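Structure, as structure tokens:
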Amino acid sequence: MSMKLFRFLTAFVFLFILFVWISFSGCHKDSSSDPVELDSISVGVILPMNNANAPLLLNSIELAFKEVNDAGGVERGYPLRIELRSSEGYNREVIATDMALEIIETTDNFVGFATCYSSSSIGIANNICKKLSIGATSGCASNNILSGLTDYFQSLCPLDKYEAEIISNMAHDLGINKVAIAMQTEEPYCQNISEEFQYHFGNGSELKIEFSKNDQLYDNKLEELIQNAPDAIMVSMLDYDNYSEFFEKLNQMNSKIDLSNTYFILCSGLYSADLFNSQINHLLGDINGNPKNFGAISFPDPNSTEFKYFKSNLLETFNQEVGVYNSQYYDIGYLYALAIEQALFRSTVDNIEDLRSRVGAYIRGISRPDGGIEFKISPSMGWETMKLAAIKGSLNYSGASGNCNIDSEGNVTTSYKVFTLKDSSSGPFFEAIEFVDPNN
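When the letters of the sequence shown are read in order and numbered with the numbering used here, they come out as residues 1231 to 1670.
So this is what it looks like as structure tokens:
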């Protein structure tokens, strides 16, 4: 589609929405009677800020809020703000809950949470969303336990079963018959992806050994992991301290046992620049012309209009290239903006607790319309057009991460990038092998 035609269609949609808005203008409540008066509205963002990906996720949601604020903010001109806390630490589930409670106690104008991995999101969903009817949306929580847990929690990242099926199928295609699994201890994501992989791979994946940092039995566990000469080692780890130690110990073991013909199956948690600082030489290369390591991670279509729009704005604003899960957090920003707009416009809000509850309840409907006037909206249309649609009709939001269609269980299904870790003169890098759409 040419840019000229795109602008024409955008203008047409805008004028149509404006016509509908004027036609129904009598339904607008008297905003001046609304007792909720704030200088801004905040979303609590809880990320593991010691992780290399976390600042990039923060920039993504910050970009969405900037675009909304630059276009006048939400209803009555409220700007959107971020109230940031870090979930870094040994037990993210507990720490994230504590950080959420701190935001509740200290921030009067917040309306919901944006969370990160399953380990932190499980704590928020159980202790905050279910008990207090406050909404939370994650861009990268994928554990099955979160599916249908509460109407106030959802994730823009598909469930682990899709990732597990993709890497399992690839392992079978490569002729891999025996897989030994190295799993990080007490990490929900790592546990879940390991179990899902075992289910899809079937016989030959029974051996699973848990590794914790500074484990006194580390060497013994490593020997047990590789003593039966598996065709592949699946590394199901998430935190840098854990997998850095694992690869260092494995590198030392490599001098005793030949791993040159051993494949490495990488979980999506390893798709991070942090991995490049580990002892990864024994992962690199190929076996019979096939990549020696591979994995799969949820990633949007890089050729879509909305992805390109986000990519351009992210580069211009933060000098940042789009990384893993960045697009999901950009979309979270817009989902909150739209939900806040609807909650403030459609009926009188008596207090901030009422506003929080309404915003949490509106999120899913924005991307999964239930009837009535349906407007298809996207960030590239501009906030003014999206805002008009939000106050007068049901919405079908599509963003940088894809269609964002959140189902009744709080889940989405989007495309995956199959990747491999390679080396070059300038250092290690991830290379896409193919894209897989579970919907097809």
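We put the beta carbon where it would ideally sit given N, CA and C, even for glycine.
Since we're looking at a predicted model, the values are computed, not measured.
Close Cβ partners of residue i (< 7 Å) along its chain, the five nearest in sequence each way excluded
{"i": "G1590", "result": "G1342, S1363, I1364, G1365, Y1382"}
{"i": "N1635", "result": "S1597, R1598, V1642"}
{"i": "Y1592", "result": "A1569, Q1572, A1573"}
{"i": "E1664", "result": "V1648"}
{"i": "L1513", "result": "F1494, K1522, N1523, L1651"}
{"i": "K1541", "result": "V1552"}
Residue range of the alpha helix (DSSP H) that includes residue i
{"i": "I1334", "result": "1322-1336"}
{"i": "G1353", "result": "1348-1354"}
{"i": "Y1473", "result": "1470-1483"}
{"i": "A1503", "result": "From DSSP, A1503 is part of no alpha helix (DSSP H); its letter is neither H nor E."}
{"i": "V1298", "result": "1284-1300"}
Outcome for residue i when other beta-carbon atoms lying within 10 angstroms are tallied against a minimum of 16
{"i": "S1261", "result": "Note that S1261 has pLDDT 41, beneath the 50 cutoff, so the model's placement of it is unreliable and the number below is only indicative. The residue in question, S1261, is exposed, as its Cβ has fewer than 16 Cβ neighbours within 10 Å."}
{"i": "S1424", "result": "buried"}
{"i": "A1459", "result": "exposed"}
{"i": "I1406", "result": "buried"}
{"i": "G1602", "result": "exposed"}
{"i": "F1254", "result": "Summary for F1254: the model assigns pLDDT 46, below 50, so the residue's position carries little reliability; its value from the coordinates is reported in the next sentence. Exposed, since its Cβ has fewer than 16 Cβ neighbours within 10 Å."}
{"i": "Y1493", "result": "buried"}
{"i": "Q1414", "result": "buried"}
{"i": "L1331", "result": "exposed"}
{"i": "S1656", "result": "exposed"}
{"i": "I1325", "result": "buried"}
{"i": "G1615", "result": "The sequence shown places Thr at residue 1615, rather than the Gly named in the question. By the 10 Å Cβ count, T1615 comes out buried."}
{"i": "Y1429", "result": "exposed"}
{"i": "K1361", "result": "exposed"}
{"i": "S1610", "result": "buried"}
{"i": "A1284", "result": "buried"}
Same chain, Cβ closer than 8 Å to residue i, five either side skipped, listed in chain order
{"i": "C1527", "result": "It is Ile, not Cys, that sits at residue 1527 in the sequence shown. Around I1527: E1393, S1498, Y1501, V1554, Y1646, K1647, F1649."}
{"i": "F1660", "result": "Y1501, F1649, T1650, L1651, K1652"}
{"i": "I1291", "result": "V1273, V1275, I1312, A1344, Y1559, Y1560, I1562, G1563"}
{"i": "T1367", "result": "G1342, F1343, A1344, T1345, F1383, Q1384, S1385, L1386, I1562, L1565, Y1566, I1593"}
{"i": "N1491", "result": "I1517"}
{"i": "I1487", "result": "I1456"}
{"i": "P1658", "result": "L1505, F1506, I1510, L1514, L1651, K1652"}
Per DSSP, the bridge partner or partners of residue i
{"i": "T1345", "result": "S1368"}
{"i": "A1526", "result": "V1648"}
{"i": "K1438", "result": "I1411"}
{"i": "S1272", "result": "R1311, F1340"}
{"i": "G1590", "result": "Paired residue(s): none; G1590 is not in a bridge."}
{"i": "G1629", "result": "G1632"}
{"i": "P1521", "result": "D1516"}
{"i": "L1362", "result": "L1362 is not bridged to any residue."}
{"i": "L1277", "result": "S1316"}
Span of the beta strand (DSSP E), counted from its first residue to its last, around residue i
{"i": "I1643", "result": "Going by the sequence as given, residue 1643 is Thr instead of Ile. First-last for T1643: undefined, no H or E at that position."}
{"i": "F1665", "result": "1659-1666"}
{"i": "A1462", "result": "1462-1466"}
{"i": "K1622", "result": "Note, K1622: premise wrong, no beta strand (DSSP E); alpha helix (DSSP H) at 1613-1622."}
{"i": "Y1448", "result": "Run containing Y1448: none in the beta strand (DSSP E); it sits in the alpha helix (DSSP H), 1448-1456."}
{"i": "H1494", "result": "The sequence as given places Phe at residue 1494; His does not occur at that position. Note, F1494: beta strand (DSSP E), 1493-1496."}
{"i": "L1310", "result": "1310-1316"}
{"i": "K1606", "result": "1604-1607"}
Own chain partners of residue i with C-beta closer than 6 Å, once the 5 adjacent residues on each side are dropped
{"i": "S1263", "result": "Residue placement at S1263 cannot be trusted, given a pLDDT of 43 that sits under 50; what the coordinates show is reported in the next sentence. Within the same chain, S1263 has no close Cβ partners at all."}
{"i": "N1357", "result": "T1327"}
{"i": "P1668", "result": "Y1392, T1643"}
{"i": "D1390", "result": "S1372, N1422, I1423, E1426"}
{"i": "I1621", "result": "F1575"}
{"i": "R1322", "result": "S1349, S1350"}
{"i": "Y1627", "result": "I1596, S1597, I1607, C1634"}
{"i": "N1472", "result": "Q1414, K1443"}
Any non-hydrogen atom of the ligand GTP within 7 Å of residue i CB
{"i": "L1386", "result": "What this structure holds is no ligand at all, so the ligand GTP is not there to describe."}
Interface flag, residue i vs chain D, CB-CB below 8 Å
{"i": "Y1555", "result": "Reference to chain D is not applicable here, since this structure consists of a single protein chain."}
Legend entry - Start-end ranges of the beta strand (DSSP E) lying completely within the stretch 1365-1420, minimum 3 residues: 1366-1368, 1383-1385, 1409-1414
Inset, instruction - Within the stretch 1549-1582, note down every full alpha helix (DSSP H) run reaching 4 residues or more, in order along the chain. - result: 1556-1576
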